[in-house]
Structures are given as C-alpha cells and as structure tokens.
Ligand SMILES: Cc1cc2nc3c(=O)[nH]c(=O)nc-3n(C[C@H](O)[C@H](O)[C@H](O)COP(=O)(O)OP(=O)(O)OC[C@H]3O[C@@H](n4cnc5c(N)ncnc54)[C@H](O)[C@@H]3O)c2cc1C
Ligand SMILES: Nc1ncnc2c1ncn2[C@@H]1O[C@H](COP(=O)(O)O)[C@@H](O)[C@H]1O
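Protein chains in written order, with the working numbering: chain A, 1 to 314; chain B, 1001 to 1249.
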C-alpha cells in the first residue's frame, strides 16, 4: 500500500490550488492512503480546507511560529521527520515545492522525481525533460521512499467533497536560524490567478511599453482572464516577473490562451503546451506561434486588440 | 571572502531543438552543439563581478562529467575564473550524487559561497543546489535574481510565483540563479589564450571516495504530443465567431 504525504502550499490564509492538484496526482497511485501536512503558524483554517479535499484521509496540522513564512531550510527537517511513516512525499512543482522538496529528498537520501506529469506505477512516472521536448518514463530507486514534485499543468484539482480527520502534531526537529525571511513584494491584483485561471491573455515584446501593455489588461478584463507575458516583455520592464509564462516562468494550462505580439519561441511554447485552445495575434504570418495556434489572426495588434475587446464587450 | 565555487554543467546548447531518436533510445545528441548550462554562465558572471568588486579572493569553477566538460571549464576560465576542477565520471551523475561530490569539494575548498544554476536545461531537475545545502546544513537561496553581500550575510532576491521574495542568509550559503540576475560577458580571444595556462585539476570520482548513487532509471523516451496547426481567421469578427463556435465565449 502507498502511504502518501502531500505538503500543502498556502499563504497563511488559504491553500494554494497546487495542493488539490498534488492530491489528484497522489490519487493516481494504486492503493493510496493520502495525508496532507499543513505547516503554518496557526493552521486551523488551512487544515480545515485541506480536510475537504476529496481523497484525503487525514490532515496533519503542524503549528509553529517558525512556520509563519515557508522557508525551505526550516520546513525540510520537519517534513523529513514526518516522512518516516510514508512511502511517498509529494509537493507541487511551484517555486514553493521546487525550493523545498529537493532539500527534503536529500535529507531522506533519495533523488527527487521532478515534474511528475503521469503516474504509471508506485515508483514509475512520466516527466518532461529538455523543456518538454522529450518525455521520459522514469523508475525511482526500488525499496526507497519516493519524493516528487507534481507538474501543475498536468492535473486538475480534486473537488472539495472530502471529510478527512485533522490531527495536530508536534514535530521534534532542530530548526536552523541561518535563513531569515525579509519581505515579499507580491504584485497585488484582483485579477484571476495566472496559474489557475481558465482564460489567459499574454502580451509580448511587440507591446513596446508598459503603457501599451494596458491594452492587454483591458482585453483580459473583457474576458475575465488572467494576464501573462513573454520573457521579452518582462525583461523590458513592461510587467513584473511573476507574469512570465514559459520554461522559466509559469507553465499553465488554461482553457483559452490568447498570445498577442508573441513570436512563439520554444521556451514560451513550453509554458502553454497544455492549453485547451490557443489564439495568436501577430503581424508576421510566419511567426512560429501560428504553428501551434488553433486560431490565428495576422495583423497589427494595436488595431486588432481594441477591436477584439470591443467585440467581446458587445 | 576567500573563495566562491561555481558549478558549470556541460549541456546541449539551448538553441538546439532537441529531438527524441526515432527508436526511442534517447535524445539525439550526436554532433549537436554543447555549451555551459545558461544558468551556470550567469552564476559564473555573478561570481566574477563579486571578485572584481574586491569582495572575493578567487573563483573556482567545477564540472562533473566526462572529459569533454574540459571545454566548458576552459570557457569558464576564459570568462575569468581563476581555476577549474573536473570531477570525472562516465556520465553526468544524478543530482544527489552531484550534491555529494560538491559537498566533498566544499569540504576541501572551504568556499564562502557556492553559486549554481537554478536548473540544468537538459534534465530540468532543479535539485542540486537545494540538495547540497541540505547535506551541508547551510542556507539555500534558490531562483535568485539579485545577490547583495554584507559581510557575514547575504541578502538575496528570489523570483517566486507570487513576486519577489527577499531572504537574508548567513554565509556560507548556496545560491541558485535565475536568468535575470545579470547578462554574462562575452569571451575575448586573448582570454581564451590566457585560459590555457590556468590550472585545471582532473579528479576521478573514485579519488573523492564517492560512488555513483542510485539515480532514477529511464525506462523510455518519447516525443511530446504535438499540437496541430489550426486555422487562420481573416478578421476579428471571424475570430469571435470561431471562439463562440467552440464554446469558449
Ligand atoms: C534558458 C532560456 C529560458 C527562457 N525562458 C522563457 C520563458 O519562460 N518565457 C518566454 O516567453 N521566453 C523565454 N525565453 C526567451 C525566448 O527565447 C524568447 O526570446 C522570448 O519568448 C521572446 O519574446 P516575444 O515573443 O515577446 O518577443 P519576440 O520574439 O521579439 O516576438 C515579438 C513578436 O511580435 C510580433 N509583432 C511585432 N509588432 C507587432 C504588431 N504591431 N502587431 C502584432 N504583432 C507584432 C513580431 O512579429 C514577433 O513575432 C527563454 C530563453 C532562454 C535562453
Ligand atoms: N554535472 C554537473 N557539473 C557541474 N555542475 C552541475 C552538474 N549538475 C548540476 N550542476 C549544477 O547544479 C545546477 C542545477 O542542476 P540540476 O539540479 O541538475 O537541475 C546546475 O545549474 C549546475 O550549476
């Protein structure tokens, strides 16, 4: 039987959608008994939310002032301590999980399976390499614990019909003081979250300025969509880094993706492979983005985007 | 500080469009251009800038893998690293083994800072730095876009999903870098000549008393599902109609 520990990601108030996706991945492992660990300062509401995730049998709530902000160096020894009773430890392939889980894996003396996109057996998984240009089937070392991160774009969140028991736990692990959280500059926005939105509109270098990028925000508002960007647009300072879509940004799987003034470099396409429908607007009929777009429209974005926004609002 | 250690992995150049061999035995690497992992170039650039500001004595570059990785180490020396170490293995090892090897070098070299890439663009593992930090029992600052040294500590800006996080870590520490940290310099011809005279130590893996760990075994390679080219629409009205037809609006 597989005893699986999922490490919850949260901002102190709410669970990140990544947790429900990790549970979905865990549910694919045969005979899975799934527990979710919530490390927080006071994790009451978070634990209750986790207890509602379908398929979870138990939530372990570990309250500690040291867990007020998730630092990998502080969390890893606690996760490793809890992990003893489990065959699998899973976390999300978000920056939170990518930071934490390898540190856990090293403490457990195993390699990590990064970016699990499909479960084939208790130790056998599919994952992408070379920016998604190849998919490998890998088998984790037999007889050892499996530590893995779950590729977000490959899973749909489980629903909230669960009724797991909540258990408070005290974890005896020595916590280091060598790493300290200073601040988080989060782009405040009441728009849908890029990683979970069902619709995303992205802009590229062609927008040419932060002022012009407002056009993308307006189009997104007309659709109730989240906003993304190419790396070129981020590097040029039109929008902040957390909006980058692609190999080194966010890998997303919205139902609808609209790429405006984005050429379609391989590193960008890596981030949108799993989108339901891709729409591209570009003035160059030979832009590579059209090779993957379901609907392509050739023309000047400065004319077409306002026109599209208007058509959507009427 | 006395010393910064930088990891340089030899990987297929990022401009190469990697393909799975038709027989599924692996990816085509015959005759393709090999380079320093792009994130590692940024790691080295950062280390060099720290030394050039007078904040570090020397920069040591390390690669783990077959003898060919000497090329990338020579490029690193030409960029300005002071010396290089090649830990020779038959193939580049799994991240945990790499971390063990780096730990052994850390114990020998006593660096104040280890700067690695946030991920190697071949296997996209993104594990080695975090694992080294764990085994070493030291801080990690991953996905860094800015690094400020203040004596015994470093202030690091990290690119996280929700924005920019600032972390303060005691030194020594492991930092893994993201693309926006800096723009690596170009190597000039005279530097390539000079680099030939710089020391490059070759150590067989056995010389470190470390054996290859049990990496996950690859059972199969396959090409990803390709998206099909769709249709071109003539104007905005047709685009809206097409999206409506598909139930997207
Ligand atoms: C290791 C590595 C990782 C990377 N990771 C990422 C990543 O995560 N995400 C990412 O996006 N990139 C990434 N990149 C960069 C990537 O290679 C491209 O450079 C980048 O995606 C280009 O952005 P762009 O399409 O906006 O710009 P460009 O390639 O310059 O394309 C601009 C497009 O706009 C079109 N255009 C211009 N004017 C107009 C107009 N008026 N109307 C309509 N169309 C117009 C042009 O025809 C062109 O196709 C990475 C690169 C490396 C080396
Ligand atoms: N074989 C290697 N030789 C030198 N450095 C390496 C090697 N493998 C990984 N690294 C370093 O660790 C980083 C992360 O690699 P990975 O964990 O494989 O994604 C790389 O960017 C390198 O800086």
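Backbone N, C-alpha and C define an ideal beta-carbon position, used for all residues, glycine too.
Exercise for the section: Could you give the DSSP three-state label for residue 248 of chain A: helix, strand or coil? Expected result: coil
Practice task
Find the residues of chain A that neighbour residue 1162 of chain B, judging by a C-beta separation of less than 7 Å, and give them in chain order.
Solution key: 184, 186, 242
Handout entry: Close-in-space but distant-in-sequence residues of the same chain around residue 1070 of chain B (CB under 7 Å, 5 per side omitted)
Key = 1086, 1200
Problem - Close beta carbons around residue 1014 of chain B, own chain, < 8 Å, minus the five adjacent residues each side - result: 1035, 1038, 1121
Exercise for the section: Tell whether a beta-carbon distance below 8 Å holds between residue 14 of chain A and residue 49 of chain A. Expected result: yes
Handout entry: Buried or exposed (CB count within 10 angstroms, at least 16 for buried), residue 87 of chain A
Key = buried
Practice task
Mind listing the chain B neighbours of residue 273 of chain A? Cutoff is C-beta to C-beta under 9 Å, in chain order.
Solution key: 1224, 1225, 1227
Exercise for the section: Assign residue 284 of chain A to one of two classes, buried (16 or more other C-beta atoms within 10 Å of its C-beta) or exposed (fewer than that). Expected result: exposed
Handout entry: Inter-residue spacing [alpha-carbon to alpha-carbon] between residue 234 of chain A and residue 76 of chain A
Key = 32 Å
Exercise for the section: Report the residue from B:1246, B:1238, B:1007 whose alpha carbon sits nearest the alpha carbon of residue 1114 of chain B. Expected result: B:1007
Handout entry: Outcome for residue 1091 of chain B when other beta-carbon atoms lying within 10 angstroms are tallied against a minimum of 16
Key = exposed
Handout entry: Cutoff 7 Å; reference residue 249 of chain A; Cβ partners in own chain excluding five residues on either side
Key = 231, 271
Problem - Inside the segment 206 to 280 of chain A only - beta strand (DSSP E) runs reaching at least 3 residues - result: 226 to 229, 256 to 260
Practice task
For residue 168 of chain A, name the three-state secondary structure that DSSP assigns.
Solution key: strand
Exercise for the section: Check whether the Cβ atoms of residue 1074 of chain B and residue 1195 of chain B sit closer than 8 Å, and answer yes or no. Expected result: yes
Exercise for the section: Along the alpha helix (DSSP H) that carries residue 1108 of chain B, what are the first and last residues, could you check? Expected result: 1095 to 1109
Practice task
Can you give me, in chain order, the residues of the segment 1229 to 1244 of chain B that have a beta carbon less than 9 Å from any beta carbon in chain A?
Solution key: 1229, 1230, 1231, 1232, 1233, 1234, 1235, 1236, 1237, 1238, 1239, 1240, 1242, 1243
Exercise for the section: May I ask you to check if the CB of residue 241 of chain A is nearer than 7 Å to at least one heavy atom of ligand 1? Expected result: no
Practice task
Would you mind sorting residue 128 of chain A into buried or exposed? The rule is 16 or more other CB atoms within 10 Å of its CB.
Solution key: buried
Exercise for the section: Go through its chain and collect everything with a Cβ distance to residue 1002 of chain B's Cβ below 6 Å, but skip five positions before and after it. Expected result: 1057
Exercise for the section: Return yes when the Cβ of residue 1153 of chain B is within less than 8 Å of the Cβ of residue 1164 of chain B, no when it is not. Expected result: no
Problem - Cα-Cα separation, residue 193 of chain A to residue 156 of chain A - result: 15 Å
Practice task
Ignoring anything shorter than 4 residues or poking outside the segment 70 to 108 of chain A, list the alpha helix (DSSP H) runs there in chain order.
Solution key: 72 to 83, 95 to 107
Handout entry: Identified DSSP bridge partners for residue 1140 of chain B
Key = B:1174
Problem - Beta-carbon proximity list for residue 197 of chain A, same chain, < 7 Å, skipping 5 on both sides - result: 225, 226, 254
Problem - Listed by chain order, chain B residues near residue 103 of chain A by CB distance under 8 Å - result: 1130, 1131, 1133, 1134, 1140
Practice task
Out of A:123, A:303, A:8, A:126, state which residue places its alpha-carbon closest to the alpha-carbon of residue 61 of chain A.
Solution key: A:8
Practice task
Identify the contact partners of residue 139 of chain A in chain B, using a Cβ-Cβ distance below 9 Å as the criterion.
Solution key: 1216, 1217, 1218, 1219
Handout entry: Residue-level contact to chain A via CB, residue 1088 of chain B, 8 Å cutoff
Key = no
Practice task
Please list the segments of the alpha helix (DSSP H) lying wholly inside the segment 1197 to 1247 of chain B, counting only runs of 4 or more residues, in order along the chain.
Solution key: 1236 to 1245
Practice task
Indicate whether the contact test is met: 3 or more Cβ pairs, each with one atom in the segment 159 to 171 of chain A and one in the segment 236 to 243 of chain A, closer than 8 Å.
Solution key: no
Practice task
Determine, using beta carbons only, whether residue 1027 of chain B and residue 1019 of chain B come nearer to each other than 8 Å.
Solution key: yes
Exercise for the section: Check whether the Cβ of residue 248 of chain A lies closer than 7 Å to any heavy atom of ligand 1, and answer yes or no. Expected result: yes
Exercise for the section: For residue 115 of chain A, return the contacting residues in chain B, with the cut-off set at a CB-CB distance below 8 Å. Expected result: 1124
Handout entry: Three-pair Cβ contact test at 8 Å for the segment 1131 to 1140 of chain B versus the segment 82 to 96 of chain A
Key = no
Problem - Neighbour-count burial assignment, residue 1031 of chain B, 16 or more Cβ in a 10 Å radius - result: exposed
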